[in-house]
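Peer 1: Chains as they are written, first to last, in our numbering: chain A, 1 to 82; chain B, 83 to 164.
Glycine included, C-beta positions come from ideal geometry on N, C-alpha and C.
I'd like to ask you about the structure that follows.
Protein chains: 2
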Amino acid sequence: MRFRVFVSLKPTVLDPQGQTICRALNGMGHNSITDVRQGKYFDISLAEGVAREQAMREIEQIAQDVLANPVIEEYQVELLEE
Amino acid sequence: MRFRVFVSLKPTVLDPQGQTICRALNGMGHNSITDVRQGKYFDISLAEGVAREQAMREIEQIAQDVLANPVIEEYQVELLEE
Chain A
1 MRFRVFVSLK PTVLDPQGQT ICRALNGMGH NSITDVRQGK YFDISLAEGV
51 AREQAMREIE QIAQDVLANP VIEEYQVELL EE
Chain B
83 MRFRVFVSLK PTVLDPQGQT ICRALNGMGH NSITDVRQGK YFDISLAEGV
133 AREQAMREIE QIAQDVLANP VIEEYQVELL EE
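This is the structure we're talking about:
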């Protein structure tokens with residue numbers, strides 16, 4: 001089973017790296033770009049034979065405890081393949 | 083219009099950061115995790131009034147020239163909203 005966990009800054013948190021990319025793109029002539037926000041994702045593979053519900057709970061736990069900083073970041077879990 | 087560009091290491095390229103996360107998770111008792119690979123994504127907003135086809139081409143160009151290193155990385159473009 002494979003999950004994808006998206007981690008991004010909360011919408012209320014400034015993203016200086018994204019802003020820098022946005023300004024750089026504008027400077028290169030891509031003037032229609034109005035905003036860029038960056039995030040990261042983790043593709044996590046699990047061993048065969050783990051029940052889907054249990055795997056989902058485990059991945060949620062990992063996302064919350066390890067992959068995201070809940071003070072400034074939010075996460076989203078997606079099932080990639082069974 | 084909003085696009086999401088995914089950038090990840092090519093499958094043939096080692097991902098030491100992902101491996102470290104995988105080992106750390108195993109060490110924390112998450113023994114069913116067999117592999118972790120990390121990637122990044124960019125949510126790019128475009129000004130109103132740009133044709134979808136043209137926007138798609140521009141984003142592809144940006145992904146190839148600026149966001150990804152084509153030697154070791156691959157990218158994928160997704161339309162988030164019109």
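1. Give the secondary structure of Gly39 of chain A by DSSP, where H, G and I count as helix, E and B as strand, and everything else as coil.
2. Whose C-beta lies closer than 7 Å to the C-beta of Ile59 of chain A among residues of the same chain, with five residues either side of it excluded?
3. Which residue comes first and which comes last in the beta strand (DSSP E) that contains Leu107 of chain B?
4. Can you say whether Ile154 of chain B is buried or exposed, counting buried as having 16 or more other CB atoms within 10 angstroms of its CB?
5. Mind listing which residues of the segment 20 to 43 of chain A have their C-beta closer than 9 Å to chain B's C-betas, in chain order?
6. If we define contact as Cβ-Cβ less than 9 Å, is Leu46 of chain A a contact residue for chain B?
7. Output, in sequence order along the chain, the residues in the segment 60 to 74 of chain A whose CB is closer than 9 Å to any CB in chain B.
8. Alpha carbon to alpha carbon, what distance is there between Ser32 of chain A and Val132 of chain B?
9. If we ignore side chains and look at the alpha-carbon of each, how far apart do Lys10 of chain A and Gly111 of chain B end up?
10. So Lys122 of chain B and Val89 of chain B are supposed to be a Cβ contact under 8 Å. How far apart are they, rounded?
11. Give the secondary structure of Val66 of chain A by DSSP, where H, G and I count as helix, E and B as strand, and everything else as coil.
12. Given a threshold of 16 other Cβ atoms within 10 Å of its Cβ, counted over all protein chains shown, does Asp97 of chain B qualify as buried or as exposed?
13. Is DSSP giving Ile33 of chain A helix, strand or coil here?
14. For the ligand MG, I want to know if Gln99 of chain B counts as a neighbour, meaning its beta carbon is within less than 8 Å of at least one of the ligand's heavy atoms.
15. Does the beta-carbon of Gln64 of chain A have 16 or more other beta-carbons within 10 angstroms, so that it is buried, or is it exposed?
16. Within 9 Å of any Cβ in chain B, is that where the Cβ of Val101 of chain A sits?
Peer 2: Straight from the coordinates:
1. By one-based count along the first sequence, residue 39 of chain A stands at place 39. Looking at Gly39 of chain A - three-state DSSP - the assignment turns out to be strand.
2. Taking the first residue of the first sequence as 1, we reach residue 59 of chain A at position 59. Same-chain partners within the cutoff: Phe3, Val5, Ile44 and Val77.
3. Locating residue 107 of chain B in the second sequence gives position 25, where the first residue counts as 1. Per DSSP, Leu107 of chain B belongs to no beta strand (DSSP E); it is in the alpha helix (DSSP H), Pro98 to Gly109.
4. Position 72 of the second sequence holds residue 154 of chain B. Ile154 of chain B is exposed by the Cβ-count criterion.
5. Ile21, Cys22, Ala24, Leu25, Met28, His30, Asn31, Ser32, Ile33, Thr34, Asp35, Val36, Arg37, Gln38, Gly39, Lys40, Tyr41, Phe42 and Asp43
6. As a position in the first sequence, residue 46 of chain A is number 46, starting the count at 1. It does: the Cβ of Leu46 of chain A has a partner Cβ on chain B nearer than 9 Å.
7. Gln61, Ile62, Asp65, Val66 and Leu67
8. On the second sequence, residue 132 of chain B is found 50 positions in, with the first residue counted as 1. On the first sequence, residue 32 of chain A is found 32 positions in, with the first residue counted as 1. Rounded to whole angstroms, Val132 of chain B to Ser32 of chain A spans 8 Å at the Cα level.
9. Mapped onto the first sequence, residue 10 of chain A falls at position 10. Mapped onto the second sequence, residue 111 of chain B falls at position 29. Going by the C-alpha atoms only, they are around 29 Å apart.
10. If you number the second sequence from 1, residue 122 of chain B lands on position 40. If you number the second sequence from 1, residue 89 of chain B lands on position 7. The Cβ separation is near 5 Å, so the contact holds.
11. What you label residue 66 of chain A is simply residue 66 of the first sequence in a count that begins at 1. Val66 of chain A falls in the helix class under three-state DSSP.
12. The sequence position of residue 97 of chain B within the second sequence is 15, counting from 1. Buried, by the Cβ-count rule.
13. As a working note, residue 33 of chain A is residue 33 in the first sequence. DSSP places Ile33 of chain A in strand when its eight states are reduced to three.
14. Within the structure as shown, the ligand MG is missing, as the structure has no ligands at all.
15. Within the first sequence, the letter at position 64 stands for residue 64 of chain A. Per the 10 Å Cβ criterion, exposed.
16. Only positions 1 to 82 of chain A appear in this structure, which leaves residue 101 of chain A out of reach.
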